[in-house]
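Numbering (our numbering), first residue to last: 3 to 427.
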């Protein structure tokens with residue numbers, strides 16, 4: 003389960019389900035095909051660990067790829083999982099073996115979750131056990147989420163249990179969300195608070211309106227805000243206007259704020275202009291704040307320059323504008339510094355670009371003081387430039403006076419600045 007951390011002040015965790023479609027293998031989601039284990043684990047070909055029932059060879063070195071390893075692992079995991087795990091030892095490269103065995107465990111879990119989970123629980127240890135159980139849960143949840151949930155709840159502990167239940171609830175939420183919600187109500191508070199956003203993701207992916215109705219009864223819990231956020235994000239990825247209309251009905255201020263942020267992010271990923279029109283239609287400054295932060299983030303994922311231009315040209319609240327500039331520029335300059343620098347250098351001098359330069363240089367003074375002062379020295383307005391450069395140099399000298407003053411001596415800063423902040427001050 004991948005959790006992605008946002009750079010904005012209000013961090014939102016986006017959980018993405020790990021269900022994968024293997025188009026080249028037959029469907030094994032047939033009811034009544036799960037084998038109950040009597041304690042002796044056998045492969046689907048008959049004898050434990052035999053390879054006689056497998057019709058799929060390992061990919062050779064010339065044709066080995068992520069896709070071929072996944073497809074082969076899934077096929078062989080369906081036919082004879084223990085033989086497939088034994089054969090995996092012949093695959094060159096640890097990462098290649100991991101890709102293959104993950105698919106083996108997923109297929110085994112989907113075909114016979116009880117046998118697969120019991121075998122992994124009894125025969126594996128450490129991270130190897132954790133990875134196997136996670137992938138088994140992934141497959142088992144597609145075939146029988148209720149059975150998988152009950153088994154992992156009763157037979158595992160710690161992170162192994164939490165990760166499995168998280169994965170299972172996402173799948174269960176797509177199939178029978180009300181049943182999943184009722185089952186999750188019996189979990190201990192700690193586990194429940196950590197896994198409910200997965201249920202929200204799965205539920206809202208197929209029935210966002212139904213998931214939205216469940217939000218009101220869950221807002222009293224500590225996970226309620228994140229549940230609302232995940233519903234909003236999933237809904238906005240397909241129908242952002244509908245999601246926005248729903249979020250506007252939320253009376254809980256925290257849930258409303260984080261939902262607006264998530265909707266703005268999703269909307270701006272595909273339709274930034276319509277997303278900004280939505281912001282302009284909002285009357286509450288609080289709503290505009292979080293919607294604007296979300297739109298800036300989503301827009302910056304595919305066009306950070308346009309996101310910045312919109313912020314400095316259209317966002318009226320100076321505090322909101324500053325937060326957007328800081329967040330977008332810090333992210334952009336970390337991920338792709340050359341492109342960020344090219345964009346800054348290409349901007350026409352003037353108040354709007356000066357604001358970007360001032361905000362950005364102030365944001366990075368603690369991590370890259372030389373770059374901070376250098377960028378501040380390109381501000382077009384002299385008074386603003388001198389004020390910002392002086393302020394940044396004071397901060398730098400407070401952190402590392404000798405280095406800062408020596409750098410000033412070698413710099414192309416104005417004589418007045420060099421006299422004030424150089425080694426001969």
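Just so you know, even glycine gets a beta-carbon here, dropped at the ideal spot from N, CA and C. Computed from a prediction, not measured in an experiment: that's the story for all the values here.
Spatial neighbours of residue 334 in its own chain (CB-CB distance under 6 Å, excluding positions within 5 residues in sequence) are listed in chain order as 306 and 342. Here the C-alpha atom of residue 210 lies approximately 6 Å from the C-alpha atom of residue 237. In the structure shown, residue 188 falls within a coil segment according to DSSP collapsed to helix, strand and coil. Taken through DSSP and simplified to helix, strand or coil, residue 318 comes out as coil. In the DSSP annotation of this structure, the continuous segment of the alpha helix (DSSP H) that includes residue 144 starts and ends at 128-145. Non-local beta-carbon contacts of residue 355 in its own chain, meaning distances under 6 Å to residues more than five positions away in sequence, involve 349 in chain order. The criterion of a C-beta distance shorter than 8 Å is satisfied by residue 332 and residue 365.
Taking residue 397 as the centre and dropping the five residues before and after it, the same chain places the C-beta of 367 closer than 7 Å to its C-beta, in chain order.
For residue 225, no alpha helix (DSSP H) run applies, since DSSP gives it neither H nor E. The alpha-carbon of residue 254 is positioned some 16 Å away from that of residue 213.
Collapsing the DSSP output to three states places residue 65 in coil. A direct Cα-to-Cα measurement between residue 289 and residue 325 gives close to 15 Å. Beta-carbon to beta-carbon, residue 259 and residue 301 are separated by about 19 Å, too far to satisfy the 8 Å threshold. Within the model, the alpha-carbon separation for residue 137 versus residue 161 is close to 14 Å. CA-to-CA, the gap between residue 280 and residue 80 works out to about 49 Å. With 16 or more other Cβ atoms from the protein chains shown falling within 10 Å of its own Cβ, residue 98 counts as buried. Annotated three-state conformation of residue 379 is coil, per DSSP. Collapsing the DSSP output to three states places residue 241 in coil.
By the beta-carbon neighbour count (other beta carbons within 10 angstroms, threshold 16), residue 75 is buried. A straight line joining the alpha-carbon of residue 143 with that of residue 171 spans about 8 Å.
Taking the Cα of residue 276 as reference, the smallest distance to any Cα among 68, 362, 241 and 192 is reached at 241.
Sequence-distant partners of residue 411 (beyond 5 residues in either direction) whose C-beta falls short of 6 Å from its own C-beta, in its chain, are 424 and 425. With a beta-carbon spacing of about 6 Å, residue 196 and residue 164 fall inside the 8 Å limit used to define contacts. If you draw a 10 Å sphere on the C-beta of residue 64, you find fewer than 16 other C-beta atoms in it, and that means exposed. Here the alpha carbon of residue 230 sits roughly 38 Å from the alpha carbon of residue 70. Pairing residue 420 with residue 217, the inter-Cα distance amounts to about 60 Å. Counting only residues of its own chain and dropping the five nearest sequence neighbours on each side, residue 382 has a CB closer than 6 Å to the CB of 351 and 356. As the crow flies, the alpha-carbon of residue 392 is around 13 Å from that of residue 372. Nearest to residue 101 by alpha-carbon distance, out of 125, 117, 405 and 61, is 61. In the structure shown, the three-state DSSP call for residue 351 is coil. Just so you know, the alpha carbons of residue 390 and residue 416 end up roughly 13 Å apart. DSSP places residue 101 inside the alpha helix (DSSP H), whose first and last residues are 96-125. Distances from the CA of residue 257 to each of 233, 149, 304 and 239 were compared; the closest alpha carbon is that of 233.
Taking a 10 Å sphere around the C-beta of residue 353, we find fewer than 16 other C-beta atoms and assign the residue as exposed.
When secondary structure is reduced to three states using DSSP, residue 303 falls in the coil class, being assigned neither helix nor strand.
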